[in-house]
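Participant: Following this message is one structure expressed as structure tokens.
There are 2 protein chains.
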Amino acid sequence: MAQDKRPLFTRRLSSWMKGAGASSDIVLSSRVRLARNLDSIPFPPKMGREDALKVLDLAERATDHLVRSTDEAWDFYRLGDMDDLDRWVLVEKHLISPQLVKSSALSGLILRQDEAVSIMVNEEDHLRIQCLFPGLNVEDAWQLGDAVDDVLSEIVRYGFDDKLGYLTTCPTNVGTGMRVSVMLHLPGLVMTERLESVISGLSKVGSVVRGLYGEGSEAQGNLFQISNRLTLGSDEDEIIANLSAVVNEVVQRERSAREIVYDRDRKRLEDRVCRAYGLLTNARLMTSEEAIRLLSLLRLGIDLQVISGLSAGVFQELMIRMRPSLIQRNSGDVLDADERDEKRAALMRNALLKRR
Amino acid sequence: MAQDKRPLFTRRLSSWMKGAGASSDIVLSSRVRLARNLDSIPFPPKMGREDALKVLDLAERATDHLVRSTDEAWDFYRLGDMDDLDRWVLVEKHLISPQLVKSSALSGLILRQDEAVSIMVNEEDHLRIQCLFPGLNVEDAWQLGDAVDDVLSEIVRYGFDDKLGYLTTCPTNVGTGMRVSVMLHLPGLVMTERLESVISGLSKVGSVVRGLYGEGSEAQGNLFQISNRLTLGSDEDEIIANLSAVVNEVVQRERSAREIVYDRDRKRLEDRVCRAYGLLTNARLMTSEEAIRLLSLLRLGIDLQVISGLSAGVFQELMIRMRPSLIQRNSGDVLDADERDEKRAALMRNALLKRR
């Protein structure tokens, strides 16, 4: 298998991985997702093959319209034209959901080339517009999503009810069709065993906490997504204001937890962080699970200035690049698990030693 | 507490730690010990305070005689004049036994300044002459011990029986009074789980296997002492020839075990060795137990050329310098266990990074 030269699969950094944004020591990224459905076609669970192909054709025309109407470059992909590895690379880059891969025979993706906007076609809804920004930046993500939505609605008629708002497959999305989520790195709350109480507090104010790859995925590397639970009965600005307030509260709690961890036993924390660095820069075999755990400690060490000379962004970048499908995609050969562990260890060593 | 400037306690390397010697990838050092007692004084378990002081006085005069009769520098120490920390430093440097510390009110040490010869006074026997050489070098160690013995016997009359030979406190030492022991690094036999069978084979041919600090001490860092069990009924040359043959056999088995480990899963071995290096050069806190374990892996990596640019001797040196009393002695302040772990981690980092 020759090494892949197509930019979508070899680009190392999406735009959201590069910037900093507010509270970027704790909030890694902010995402707004808008669920939209076409007026004239049944919702995906009920549509037939012909309907699905119509949606894909419309999405392709919509991509052309986006190219003409914006200053950005956009591409349209049919998942059925890709191999499975490519699809999982897109999942690992947070551009599509695992669910979209399952229906890949009839699903698609509209992608802005900087990867700040990805629109899933024929997932749970006909269209799911997603905007991803670095740091705590839900307001900008919403503005961008709203603008893309406006351009799309110039050539697409959405299912909309004057009383209910946007109509969606799942009733929990009816109304704004909006889900706002932020990704937080919460090692302090995990280490001080305060996360449980924070999570139960959040569910009382209408927010949901999940692991790195969305619903049902485990929390790895002390990474957690916080998002709004309801989309009905509030307008978009309220949802954003509420979630921002909730996230700011969690950020404060994480900051004070880190102070406690640092003050309580600074030497042991430094030891853990430096050991993580020592293993990341020397190991010859490394599983995903270990890499995630060590990178989380390294990132905490960078934030607390235990480790100097490394930028915090190396964490986001390596958290993505270390994923199995991306490791596989960036190699010329088909790899078994041990060989991926070897490539992953080499990736960590090279990336970290080069930058210091 | 001011930092200690006396060479005995600040000297980093005894002569036996520096050289290489035969089979030095596996045999770290060779030691010959001769048990001797004075004719006119009861054996230590039966002697009174006055007797013990007489032995010490004689040992002091014997030291003067050694200075006059050899080209080397010799010192005499009364353990009662030292503080406990100094005594344990001597134990950690393998110059005296823990047993000598227990009777330190009335015990002493004659030491050649290069530390190749140490003579314990009033341990289990009145005099125990010990010669320590790097690598597999029991013959030279015996020649040196014999020469020192000859010089001493010019001014001391030993307890000797024409039929039995030298008389000693413990019947197992009667005869030659000689114990020959070699220190081996056997990670290959441990990793391939072949050590047990090697040990049981050795006991059948009259050899004994023990851990690093002698009888009853645990095997740490894959280090083992092999020594002769009996001193009666063989002459010195036979004992030496027997033990050398046994050790050469163990060396061959360790070499083939290392080949097996390396061939079976080279990548995993490299990973373990490189992780050990990563932790040794990055940790901020390190216990003795962990340091010993990691140094053993590092040494194996040096021997197998997985790690380059580090000399094998760094292992012997750090195995001694990392010991609690030596860490304490080389610090200006009284340290608790955590502070020793911190100093030990710094010692490892500095020693290994400096040399590469």
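Heads up: the sequence lines are chains A and B, in that order. Read in order, the letters of the first sequence are residues 1 to 356 in the numbering used here. Read in order, the letters of the second sequence are residues 1001 to 1356 in the numbering used here. Every residue gets a Cβ at the ideal spot worked out from N, C-alpha and C, and that includes glycine.
Starting from the beta carbon of Cys274 of chain A, find every residue of chain B whose beta carbon is closer than 7 Å, and list them in chain order.
Facilitator: Within the first sequence, residue 274 of chain A is the residue found at index 274, counting from 1. Those within 7 Å of Cys274 of chain A in chain B are Asn1282, Ala1283 and Arg1284.
Participant: Going by the DSSP bridge assignment, what does Phe1160 of chain B pair with across the sheet?
Facilitator: The residue given as residue 1160 of chain B occupies position 160 in the second sequence. Per DSSP, B:Tyr1166.
Participant: Quick one: does Glu215 of chain A have its CB under 8 Å from some CB of chain B?
Facilitator: Taking the first residue of the first sequence as 1, we reach residue 215 of chain A at position 215. A caution first: Glu215 of chain A carries a pLDDT of 49, below 50, which makes its placement in the model unreliable, though a value can still be read off. No - not a single Cβ of chain B is within 8 Å of the one on Glu215 of chain A.
Participant: Identify which residue in B:Arg1078, B:Thr1063 and B:Leu1079 has its Cα closest to the Cα of Glu1072 of chain B.
Facilitator: Sequence index remark: in the second sequence, residue 1072 of chain B carries index 72 (1-based). The residue with the shortest Cα to Cα distance from Glu1072 of chain B is B:Thr1063.
Participant: DSSP on Leu1335 of chain B, reduced to helix/strand/coil?
Facilitator: Working through the second sequence from its first residue, we reach residue 1335 of chain B at position 335. Residue state, collapsed to three classes: coil.
Participant: Along the region 322-351 of chain A, what residues have a CB closer than 8 Å to any CB found in chain B?
Facilitator: Residues Asp338, Glu342 and Ala345.
Participant: For Arg323 of chain A, does the three-state DSSP call read helix, strand or coil?
Facilitator: In the first sequence, the residue the question calls residue 323 of chain A occupies position 323. Here Arg323 of chain A sits in coil by DSSP.
Participant: Here's the rule: buried if 16 or more other CB atoms are within 10 angstroms of the residue's CB, otherwise exposed. What is Arg172 of chain A?
Facilitator: Counted from its first residue, the first sequence places residue 172 of chain A at position 172. For the sequence presented, residue 172 of chain A should be read as Thr rather than Arg. Burial call: exposed.
Participant: Under 7 Å from any heavy atom of the ligand NAD, does the C-beta of Leu1223 of chain B make it?
Facilitator: This structure lacks the ligand NAD, and indeed carries no ligand of any kind.
Participant: For Arg1293 of chain B, I'd like the list of residues in its chain whose CB is within less than 7 Å of its CB, leaving aside the five on either flank, ordered along the chain.
Facilitator: Here residue 1293 of chain B corresponds to residue number 293 of the second sequence, with the count starting at 1. So the qualifying residues of the chain are Gly1221.
Participant: In whole angstroms, give me the CA-to-CA distance for Ala345 of chain A and Leu1310 of chain B.
Facilitator: If you number the first sequence from 1, residue 345 of chain A lands on position 345. If you number the second sequence from 1, residue 1310 of chain B lands on position 310. One C-alpha to the other measures close to 23 Å.
Participant: Tell me the rounded alpha-carbon separation between Asp150 of chain A and Ala257 of chain A.
Facilitator: On the first sequence, position 150 is the one that residue 150 of chain A refers to. On the first sequence, position 257 is the one that residue 257 of chain A refers to. About 42 Å.
Participant: Do the CB positions of Val198 of chain A and Val250 of chain A come within less than 8 Å of each other?
Facilitator: Taking the first sequence and counting its residues from 1, the one referred to as residue 198 of chain A is at position 198. Taking the first sequence and counting its residues from 1, the one referred to as residue 250 of chain A is at position 250. Contact flag set, yes.
Participant: Please identify the residue among A:Leu269, A:Leu335 and A:Leu58 whose C-alpha is closest to the C-alpha of Arg157 of chain A.
Facilitator: Sequence index remark: in the first sequence, residue 157 of chain A carries index 157 (1-based). Among A:Leu269, A:Leu335 and A:Leu58, the Cα nearest to that of Arg157 of chain A is on A:Leu58.
Participant: Give me, in chain order, the residues of the same chain whose beta-carbon lies closer than 7 Å to that of Asp303 of chain A; leave out the 5 immediate sequence neighbours on both sides.
Facilitator: By 1-based counting over the first sequence, the position of residue 303 of chain A is 303. Hits under 7 Å: Asp25 and Ala312.
Participant: At which residue ranges does the region 1105-1160 of chain B contain complete alpha helix (DSSP H) runs of 4 or more residues, listed in the order of the chain?
Facilitator: Taking only runs of at least 4 residues, the alpha helix (DSSP H) segments lying wholly in the region 1105-1160 of chain B are 1138-1153.
Participant: Using only the alpha-carbon positions, how far apart do Asp1140 of chain B and Thr1192 of chain B sit?
Facilitator: Locating residue 1140 of chain B in the second sequence gives position 140, where the first residue counts as 1. Locating residue 1192 of chain B in the second sequence gives position 192, where the first residue counts as 1. In a straight line, the C-alpha of Asp1140 of chain B is about 33 Å away from that of Thr1192 of chain B.
Participant: Using the Cα positions of Glu1339 of chain B and Leu1079 of chain B, report the straight-line distance between them to the nearest angstrom.
Facilitator: Here residue 1339 of chain B refers to the residue found at position 339 of the second sequence. Here residue 1079 of chain B refers to the residue found at position 79 of the second sequence. Straight-line Cα distance between these residues: approximately 27 Å.
Participant: Is the beta carbon of Trp142 of chain A sitting closer than 8 Å to the one on Glu236 of chain A?
Facilitator: The sequence position of residue 142 of chain A within the first sequence is 142, counting from 1. The sequence position of residue 236 of chain A within the first sequence is 236, counting from 1. Cβ distance < 8 Å, so Trp142 of chain A and Glu236 of chain A count as in contact.
Participant: With 7 Å as the C-beta to C-beta threshold (strictly closer), list the residues of the region 1297-1314 of chain B near chain A in chain order.
Facilitator: Within the region 1297-1314 of chain B, no residue has a Cβ that lies closer than 7 Å to any Cβ of chain A.
Participant: Per DSSP, what kind of secondary structure is Gly1313 of chain B in: helix, strand or coil?
Facilitator: In the second sequence, counting from the first residue as 1, residue 1313 of chain B sits at position 313. Residue state, collapsed to three classes: helix.
Participant: Report the three-state DSSP secondary structure of Ser234 of chain A (helix, strand or coil).
Facilitator: Counting from one through the first sequence, the residue named residue 234 of chain A turns up at place 234. The answer is coil: DSSP assigns Ser234 of chain A none of H, G, I, E or B.
Participant: How is Ile1302 of chain B classed by DSSP in three states: helix, strand or coil?
Facilitator: Counting from one through the second sequence, the residue named residue 1302 of chain B turns up at place 302. It is helical.
Participant: Quick check: the region 76-94 of chain A against the region 109-116 of chain A, are there 3 or more CB pairs under 8 Å?
Facilitator: Result yes; three or more Cβ-Cβ pairs closer than 8 Å.
Participant: If Gln1099 of chain B and Glu1115 of chain B are in contact, beta carbons under 8 Å, what's the gap, nearest whole angstrom?
Facilitator: By one-based count along the second sequence, residue 1099 of chain B stands at place 99. By one-based count along the second sequence, residue 1115 of chain B stands at place 115. So it is not a contact: roughly 19 Å between Cβ atoms.
Participant: Would you please verify whether the beta carbon of Leu279 of chain A is less than 8 Å from any beta carbon of chain B?
Facilitator: As a first step, residue 279 of chain A is located in the first sequence; it is residue number 279 there, counting from the start. Chain B, which has a Cβ nearer than 8 Å to the Cβ of Leu279 of chain A, makes this yes.
Participant: Only counting the same chain, and skipping five residues up and downstream in sequence, which positions put a Cβ closer than 6 Å to that of Val1027 of chain B?
Facilitator: Walking along the second sequence from the start, residue 1027 of chain B turns up at place 27. Around Val1027 of chain B: Gly1135, Leu1136, Val1182 and Leu1184.
Participant: Taking all protein chains shown into account, do 16 or more other C-beta atoms lie within 10 angstroms of the C-beta of Arg1268 of chain B, making it buried, or fewer, making it exposed?
Facilitator: Sequence index remark: in the second sequence, residue 1268 of chain B carries index 268 (1-based). Exposed: under 16 other Cβ atoms inside 10 Å.
Participant: Which first and last residues belong to the alpha helix (DSSP H) in which Arg1272 of chain B is found?
Facilitator: Position 272 of the second sequence, counting from 1, holds the residue named residue 1272 of chain B. First-last of the alpha helix (DSSP H) with Arg1272 of chain B: Arg1266 to Leu1280.
Participant: Determine the direct distance from the alpha carbon of Leu335 of chain A to that of Lys1223 of chain B, and round the result to whole angstroms.
Facilitator: Locating residue 1223 of chain B in the second sequence gives position 223, counting from the first residue. Locating residue 335 of chain A in the first sequence gives position 335, counting from the first residue. Looking at the sequence provided, one finds Leu at residue 1223 of chain B rather than Lys. Distance between the alpha carbons of Leu1223 of chain B and Leu335 of chain A: 39 Å.
Participant: Can you tell me where the alpha helix (DSSP H) holding Met1283 of chain B begins and where it ends?
Facilitator: The count along the second sequence starts at 1 and reaches residue 1283 of chain B at position 283. The question names Met, but residue 1283 of chain B is Ala in the sequence shown. Element bounds for Ala1283 of chain B: n/a, residue is neither H nor E.
Participant: With DSSP run on the structure shown, which of helix, strand or coil describes Arg992 of chain B?
Facilitator: Nothing can be reported for residue 992 of chain B, as the shown portion of chain B is limited to 1001 through 1356.
Participant: Is it the case that the Cβ atoms of Ser234 of chain A and Val138 of chain A are separated by a distance below 8 Å?
Facilitator: For the purposes of this step, residue 234 of chain A is taken as the residue at position 234 of the first sequence. For the purposes of this step, residue 138 of chain A is taken as the residue at position 138 of the first sequence. It is not a contact, given that the beta carbons lie outside the stated cut-off.
Participant: What's the call for Lys204 of chain A, buried or exposed, on a 16-neighbour Cβ count within 10 Å?
Facilitator: By one-based count along the first sequence, residue 204 of chain A stands at place 204. Lys204 of chain A comes out exposed.
Participant: Taking the straight line between their C-alpha atoms, what separation do you get for Glu1092 of chain B and Gln305 of chain A?
Facilitator: Locating residue 1092 of chain B in the second sequence gives position 92, where the first residue counts as 1. Locating residue 305 of chain A in the first sequence gives position 305, where the first residue counts as 1. Cα-Cα distance, rounded: 38 Å.
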